[in-house]
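Protein chains in written order, with my numbering: chain A, 2 to 485; chain B, 37 to 531.
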């Protein structure tokens, strides 16, 4: 069944009507049913309905004044109450309360239960918050003291020649060991060379790596991830095979930590896990992997093997690495990817070529610009058909489809900035003149024209003759700001 | 006749009770959801090293846009605070929205600014930009100041959006204080998602009244001394930690606070930027962006970060509080009615089936129902027919529920971010929660009703809304207007 908005509203109206009808039926029935099941509301005295029920007065017989202005006999009139209630009033408070509860209408019963629950939970919350505060303050103070203590001990260990005599106190308990590991990790990440390896030795000597491995093998995702981080930081290679199973875990947090750990711990082919990556590599994962490569000075000879990967995010990652590490040898392969079917890969390929400043790429970039222009035109044509509006301009595209082709076109001009010669001036003029092109790309094209010395200035002067006011304003600005 | 009155009586009374049960039920459900997502968030981010973003060339670029109007007293410190944020590729765009005080003079002097020749596209129409300034001092090269004619906050934000060339826009109230890592923490979720586009993210707003602020930084967190701001600490804790966290998980978040949020710039531009004719431009933008993404059949999310990243001063007097709440109510109503097409519309999924109806019933309708309930009770009290035992029973339950909910919120805060360190502060909060329903909530109800009243009688507001309505034709007209860009030139003549 297709759920439409009208059906939902119809359903709600029906529910409302049924509820209304139900209320009507209930209100009529109230007059006849035993008092403990009687509906109770805020506008009638607690015992009024009970009285009605006992006397079984039909609702239709009650004068309107009896409904809205109850007479004395509707108030708490004990003679109207059932005999057992009457008797119980003389009993103890507890028995009386119990009796009221037992004989109360359902709604009152529910409210009484909720009331008791709320009173108890309020009290419990009050106590829990205060106790938690007490414990937390104590724990914080203890952690602070321990941290300071451990820092001093580790500093002693690092800078005292009499290494063997140092005994680390207070790392017998689980929490303390974790604080110790955290301190050690922090220091290790800020130290190099001998000091760092000394810390690592200590980590093993104190069997702290066993704690980290326990976390690695834990079933809880957050402990596992933390374990991955610790073994990666302190170079524990015992669990590499196990960790490699998690590069395709469905939990992205475990995934990224596993990937980073493998990059750090693998002696051969640190990026080998990319070969069989099933999930899309997120930007966050790419940033972390790149950071690990840089921070630990891990050298990757070539990223080309991943340019053929089936996972498009892996290709994008490889292209980004080629860009950042300026792998000039990869240019021929990257050039091929300019025409890849996936737009993200095309975009990454252009960006990868930019820092290479390779003039041999210009023909391909020009061709790609043409291709992207066709793609963009196609999107606009579809958009016009969909909107049934022939007058729509290219800039009026409402969907997100046009963003990537536009971005790619912009990046092409950006990549060509330092590569163009007078041969490309007519192409750039064409880009700058087209009023349907974005302001940004026109400006970039004109800046690029101006950078071709001295012919560029002549081209700009020619373009100044056009009637397009925007074009003229940009040219004037380009000349002014460039002169500055 | 009698039956008619009895039925009416039952419908009103039972209707209000059923409504209350639903509201309370939703609060409990949201609290449970929030607790689960909070736990996951804290575990997930407990060992994250945000520094990898700080130095990475792969990190996205961000423009921090801060509109300023007559902020002369604090603007210098505020800008310094924004400039000292920890992030690599970012700029701070201060938009002076035609301030009448000496803000501009002060900024020019303090940051050694000069007007620059700059040409950029005005993708969203705004009031005239008089000049764009940058600093001669390289230490402040991340600072851009746009001086424009007064056009309101939304207009100023649009001017910032127009100037920005970065991937993301972070909108900040210039008088808010951000923690140094705010941009790093806020940017991370945008990078993690692969299946869906993150279009916006919002952060928790914490209350800075009575806190010690030095050079635009919070140096000591203190619970507000005055009752009104202190109650708002509870309100914000309930709303942010227990409400929005859950809505983020359900992908039904309709509001990113104007005090601090981050947006995908391309999507903001696609929907035409902020609507300058509304009082609740922040909520409306999110609703419009969400609606746009749904209509384009794009997978998207609006996310929420529970870390206390942004601190701001809240109203300390009833008068100012009243103005704020009245504005909020009208802002909510504008967004809800302007986008009424979403209401129970399965085409918009969570947004249509959950987010919009929830806001409609429980944010907009709840105070109205409460008000009707009070009026109804006054009538029956005057008529002399209230069932006092039942009334007191019901009142006790409602009061205790409200207090318990606040205490849960305090527990949330205690177990998560634990920002108030003194024991007496916690005790004060617990007691404030007990006083809130009696001494604070009635005013909030009055302000909300006043907002409703103003919205419905405010001819000007209705007129403006008609003009920027969201029927397809009107939307197209608006887009055409926005897609007809003017060029903005920072003139060196205006110094």
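Glycine is no exception: its CB is placed at the ideal position from the N, C-alpha and C atoms. Just so it is clear, the structure is predicted and the values come from calculations on it, not from any experiment.
- Task: Would you identify the three-state DSSP class for residue 478(A), choosing helix, strand or coil?
- Result: helix
- What do you get for residue 306(B), buried or exposed, if any count of 16 or more other CB atoms within 10 angstroms of its CB means buried? buried
- Is residue 335(B) helix, strand or coil by DSSP? coil
- Query: Would DSSP call residue 298(B) helix, strand or coil?
  - Reply: strand
- Query: Residues of chain A with a CB under 7 Å from the CB of residue 79(B): which are they?
  - Reply: 223
- Could you confirm whether any beta carbon from chain A is found closer than 8 Å to the beta carbon of residue 92(B)? yes
- Are any of the Cβ atoms in chain B nearer than 8 Å to that of residue 481(A)? yes
- Against chain B: residues of the stretch 296-313 of chain A by CB proximity under 7 Å: none
- Members of the stretch 122-137 of chain A that neighbour chain B once the beta carbon cut-off is set at 8 Å: 122, 123, 126, 127, 129, 130, 131, 133, 134, 135 and 137
- With 8 Å as the threshold, decide whether the Cβ of residue 289(A) is near any Cβ in chain B. yes
- Using a threshold of 8 Å, state whether the C-beta atoms of residue 288(A) and residue 227(B) are closer than that. yes
- Query: What residues in the stretch 431-446 of chain B have a beta carbon less than 8 Å from any beta carbon of chain A?
  - Reply: 432, 433, 436, 437, 439, 440, 443, 444 and 446
- Message: Counting only C-beta atoms, is residue 332(B) closer than 8 Å to chain A at any point?
- Response: yes
- Hey, is residue 323(A)'s beta-carbon within less than 8 Å of any beta-carbon in chain B? no
- From residue 352(B) to residue 360(B), what distance separates their C-alpha atoms? 11 Å
- Item | Interface partners of residue 285(A) on chain B, CB under 8 Å | 224, 227 and 228
- Just to confirm, are residue 202(B) and residue 97(B) a CB contact at a threshold of 8 Å? yes
- In angstroms with no decimal places, state the Cα-to-Cα distance between residue 85(B) and residue 187(A). 11 Å
- Query: Hey, how far is the Cα of residue 226(A) from the Cα of residue 261(A)?
  - Reply: 11 Å
- Query: Applying a beta-carbon distance threshold of less than 8 Å, which residues of chain A neighbour residue 454(B)?
  - Reply: 137
- Task: Indicate the three-state DSSP secondary structure (helix, strand or coil) for residue 501(B) in the structure shown.
- Result: Any reading at residue 501(B) must be qualified, since the residue scores a pLDDT of 31, below 50, and its modelled position is unreliable; no value is offered.
- So, is the C-beta of residue 248(A) closer than 8 Å to a C-beta in chain B? no
- Query: Quick one, which residues of the stretch 251-264 of chain B are near chain A if we go by CB-CB under 9 Å, in chain order?
  - Reply: none
- Query: Cβ of residue 107(A) within 7 Å of any heavy atom in the ligand SAM?
  - Reply: In the structure on display, the ligand SAM does not appear, and there are no ligands present to speak of.
- Please decide whether residue 153(B) counts as near chain A, where near means a Cβ-Cβ distance under 8 Å. yes
- Could one say the Cβ of residue 214(A) lies closer than 8 Å to chain B's Cβ atoms, at least one of them? no
- Query: residue 198(B) and residue 162(B): beta carbons closer than 8 Å?
  - Reply: yes
- Buried or exposed (CB count within 10 angstroms, at least 16 for buried), residue 99(B): buried
- Task: Look at the Cβ atom of residue 266(B), then the Cβ atom of residue 213(B), and state whether they are nearer than 8 Å.
- Result: no
- Roughly how many angstroms lie between the CA atoms of residue 200(A) and residue 264(A), to the nearest whole one? 21 Å
- Where residue 239(B) and residue 279(B) are concerned, what is the direct C-alpha to C-alpha distance, given to the nearest angstrom? 13 Å
- Tell me residue 240(B)'s beta-bridge partners as DSSP assigns them. DSSP lists no partner for residue 240(B).
- Identity of the residue in 410(B), 335(B), 42(B) and 446(B) nearest residue 128(A) by Cα: 446(B)
- Task: Within the same chain, show all residues whose beta-carbon is closer than 6 Å to that of residue 337(B), passing over the 5 residues directly before and after it, in chain order.
- Result: 232, 234 and 287
- Please report how far the alpha carbon of residue 59(A) lies from the alpha carbon of residue 39(B), in whole angstroms. Note on residue 59(A): pLDDT 35, under 50, position unreliable in the model; no value is reported.
- Query: With respect to the alpha helix (DSSP H) encompassing residue 98(A), which residues constitute its N-terminal and C-terminal limits?
  - Reply: 94-104
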